[in-house]
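Residue numbering for the sequence shown is 416 to 605, as defined by the working numbering.
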Amino acid sequence: MLARGILRPAVARAELGRAFSTSARWQQQAAGAAGAASGRGLSWPDFFALRKTERRINTGSSVLSAFLTANCAWAYISTVQIDVTQMLFGFDPMVVLVGALFASGGLGYLCGPLVGSAFFRMKHRKQLEDYNHKNRVFLEHIKKNRVDASSQSFSNPLPDYYGEKIGSLQEYRQWLRDCQSHRRKAKEFL
Numbered sequence: 416m417l418a419r420g421i422l423r424p425a426v427a428r429a430e431l432g433r434a435f436s437t438s439a440r441w442q443q444q445a446a447g448a449a450g451a452a453s454g455r456g457l458s459w460p461d462f463f464a465l466r467k468t469e470r471r472i473n474t475g476s477s478v479l480s481a482f483l484t485a486n487c488a489w490a491y492i493s494t495v496q497i498d499v500t501q502m503l504f505g506f507d508p509m510v511v512l513v514g515a516l517f518a519s520g521g522l523g524y525l526c527g528p529l530v531g532s533a534f535f536r537m538k539h540r541k542q543l544e545d546y547n548h549k550n551r552v553f554l555e556h557i558k559k560n561r562v563d564a565s566s567q568s569f570s571n572p573l574p575d576y577y578g579e580k581i582g583s584l585q586e587y588r589q590w591l592r593d594c595q596s597h598r599r600k601a602k603e604f605l
């Protein structure tokens, strides 16, 4: 009986300690998820740096995929038997084959961001949730503050409509000033 009474409180304390540690772990995870959902995990300068990295990765993968698809097309075109007396689609065969070579390079360039964005997501998977949240918030700010495109003219061109050239907080503030200036000019001259 005595042994049972001594062991029982020890087991109960151990289970209670585990319950509180699990509870504390759950609270930490919930706080981390709430912090990630509110976008506190990634600062704006870090967001703009990641955005620039994503753009560079996509551009590099576009160039690389254009080069690879053009080389694959060249490998195929170099083995094709050409009869110079026959027309292809009403054109000289060399013109058609060179056009196909450029078209394959262009198609590869357009498919490059698919590979680049997948590589970016793999490389930055720990920050991806925060990055996507900040990107949504940033695009909402862009939609809210951009100017009406119908007021564009040669003397008053639109500032960066989609905010693609914004790469820092200073550039964002400058973009806001440009949008305000565009609105003021459109109101004064129309």
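All C-beta atoms in this analysis are idealised placements derived from N, C-alpha and C, irrespective of residue type, glycine included.
Bear in mind the structure is a predicted one, so any value in this text is a computation, not a measurement.
Where residue i falls: helix, strand or coil (DSSP)
i: residue 506; result: strand
i: residue 498; result: coil
i: residue 568; result: coil
i: residue 574; result: coil
i: residue 470; result: helix
i: residue 493; result: coil
i: residue 557; result: helix
i: residue 562; result: coil
i: residue 540; result: coil
i: residue 602; result: helix
Counted within 10 angstroms of its Cβ, other Cβ atoms place residue i as buried (16 or more) or exposed
i: residue 579; result: exposed
i: residue 594; result: buried
i: residue 488; result: buried
i: residue 512; result: buried
i: residue 506; result: exposed
i: residue 481; result: buried
i: residue 518; result: exposed
i: residue 490; result: exposed
i: residue 521; result: exposed
i: residue 523; result: buried
Beta-carbon gap between residue i and residue j smaller than 7 Å
i: residue 536; j: residue 543; result: yes
i: residue 566; j: residue 601; result: yes
i: residue 457; j: residue 549; result: yes
i: residue 508; j: residue 473; result: no
i: residue 599; j: residue 562; result: no
i: residue 476; j: residue 530; result: yes
i: residue 582; j: residue 462; result: no
Test: residue i CB closer than 7 Å to a CB of chain C
i: residue 476; result: Among the protein chains of the structure shown there is no chain C, as only one such chain exists.
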